[in-house]
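K.L.:
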Amino acid sequence: MAKTWVDKDTCIACGACYSTCPDVYESDDDGYAFVKLEGGLEGFVEVPEEFLSDAQDAKDGCPTESVRWED
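What follows is the structure in structure tokens.
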């Protein structure tokens, strides 16, 4: 199963990921993205199958490649 995380050091708070896949990504108070699934603040998190397509679109749409992906 695919896993994802957000690199907070390169995120520019553009909102592309959480607009594309709000079931997996969310913004903090400053607009920076994070994975909102359980364990999302600790590193790679498994993406439930029902969200895989949208999460992949969010990764592909990130202008700074901050949304990371691991198979």
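If you count by the UniProt record's numbering, then the sequence shown holds residues 1 to 71, one letter each, in order. We treat Cβ as the ideally placed atom computed from N, Cα and C, and that holds for glycine.
State buried or exposed for T20, treating a residue as buried only when at least 16 other CB atoms are found within 10 Å of its CB.
P.N.:
By the neighbour-count rule (16 or more Cβ atoms within 10 Å), T20 is buried.
K.L.:
Take C11 as the anchor and find which of L52, V35, P48 and E70 has the nearest alpha-carbon.
P.N.:
Of the listed residues, the one whose Cα sits closest to C11 is V35.
K.L.:
Rounded to the nearest angstrom, what separates F44 and T4 at their Cα positions?
P.N.:
Their Cα atoms are separated by approximately 5 Å.
K.L.:
Our contact map puts E1 next to E42 with C-beta atoms below 8 Å; I'd like the distance itself, whole angstroms only.
P.N.:
For the record, residue 1 in the displayed sequence is Met; it is not Glu. Between E42 and M1 the Cβ distance is about 17 Å, and since that is not below 8 Å, they are no contact.
K.L.:
So V24 and S66 are in contact, right, with Cβ under 8 Å, and what is the actual spacing, rounded?
P.N.:
With 8 Å as the limit, V24 and S66 do not qualify as a contact, their Cβ atoms being about 14 Å apart.
K.L.:
Find the nearest neighbour of C17 within the set E38, D29 and P63, judged by alpha-carbon distance.
P.N.:
Answer by Cα proximity: P63.
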